[in-house]
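Take 21 as the starting number for the sequence shown in the working numbering and just add one per residue.
Even for Gly, the Cβ is constructed at its ideal location relative to N, Cα and C.
Here the structure is a predicted model, which is why all the values come from computation and not from measurement.
Remarks on the structure that follows.
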Amino acid sequence: MSLPNESLLMDSLNPDHPPLTVTPAPPRVWMFLGTALWGLFVFVAMFVGQIGAVVLLAVQRGLPMDFASIQLVGSEPQTLALSVIMGLPATLLAVWLAIRIKKASFVDYLALHWPSWKQLLFGAVGLILLVLVWETMSRALGREATPGFMTDLLKSGRDKGAALLLLFAFSVAAPMSEEILARGFLFRGWSASFLRVPGAILLSSLVWTVVHLQYDMYFLAEVFTIGLWFGYMRYRANSLWLTIVLHALNNLTAVVLTMWLGS
């Protein structure tokens with residue numbers, strides 16, 4: 021009577037009956053190039069969602085479909101807020117499609133796990149210190165702490181009754197859209213590629229910075245360093261919700277200070 025292990029050993033030594041080999045399942049994650057291409061698709065989807073809201077409002081007003089009309093409507097605080105908000109469902113749909121094709125879990129792929137209070141506190145303290153450093157540098161250089169066009173937009177929105185809409189757009193919709201793209205989808209795929217975690221943090225922060233090209237080089241540098249901190253916290257806590265909350269708190273503070281308390 022032979023035991024199962026003996027049978028397997030005999031098969032492994034018999035050239036006529038080679039042992040069975042198990043082919044590992046392909047990883048359910050887009051690697052470097054796939055992540056980059058799908059990331060571009062997600063960014064385009066976000067842009068289409070945003071510009072679509074502006075176009076829809078222009079059509080409702082009976083304006084001609086040209087650049088001047090879109091620019092006119094898009095410069096209004098209410099329209100800009102709606103544009104930012106409409107970018108969120110478009111981003112979610114595009115990311116869901118990319119993950120669905122890989123037959124992966126949407127929650128696990130994006131690390132939509134709630135962090136601990138200790139992780140949240142650590143991330144918030146680090147963010148506050150980082151912002152304070154940039155604030156001190158701005159004051160020393162005689163620069164404004166908030167870009168002038170953002171100050172004008174937020175105060176105009178407050179005066180025109182769009183304060184709450186702008187608050188939701190910049191403190192909820194924008195952080196969720198940007199974090200799902202940068203620290204969610206891009207970080208997940210690039211950290212599994214040859215870039216590993218350090219390269220994924222660096223490159224996803226760079227992409228996030230490029231999304232804010234409406235700022236000057238000084239503010240872009242600030243955005244990039246904050247992106248590095250968000251990327252580190254995303255890795256440390258394995259939680260996208262953590263960076264979404266930190267991003268939202270940062271934007272909420274900036275909007276409230278600029279809209280109601282700033283000079």
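| query | result |
| --- | --- |
| Is Asp179 helix, strand or coil by DSSP? | helix |
| Kindly provide the ranges of any alpha helix (DSSP H) runs that are 4 or more residues long and lie completely inside the segment 121 to 171, ordered along the chain. | 126 to 129 and 137 to 161 |
| Just the C-alpha distance for Leu187 and Ile148, rounded to the nearest angstrom, thanks. | 20 Å |
| Under three-state DSSP, which class holds Val68? | helix |
| Between Met106, Ala124 and Val231, which lies nearest to Trp50 when the distance is taken from Cα to Cα? | Ala124 |
| Output needed for Ser213: all residues of its chain with C-beta closer than 6 Å, excluding positions within five of it in sequence on either side, in chain order. | Met51 and Phe52 |
| Put Glu96 into one of helix, strand or coil per three-state DSSP. | coil |
| Residues in the same chain with beta-carbon distance under 7 Å from Ser197, minus the five sequence neighbours each way, listed in chain order, please. | Met66, Gly107, Leu108 and Thr111 |
| Assuming Ala78 and Ile90 form a contact by the criterion Cβ under 8 Å, report the distance between their Cβ atoms to the nearest whole angstrom. | 6 Å |
| Could you tell me the boundaries of the alpha helix (DSSP H) in which Arg81 lies? | Unbroken run through Arg81: none, as it is neither H nor E. |
| Near Ala165, which residues of its chain fall below 7 Å by C-beta distance, leaving aside the five closest residues on each side in sequence? | Glu155 and Ser158 |
| Going straight from the alpha carbon of Val115 to that of Trp210, what length do you get? | 15 Å |
| Going by DSSP in three states, Ser213 sits in which element: helix, strand or coil? | coil |
| At which residues does the alpha helix (DSSP H) containing Tyr238 begin and terminate? | Met237 to Ala257 |
| Between which two residues does the alpha helix (DSSP H) holding Ile264 run? | Leu260 to Val276 |
| In the DSSP assignment, find the unbroken alpha helix (DSSP H) run with Ala194 in it and report its ends. | Ala194 to Glu199 |
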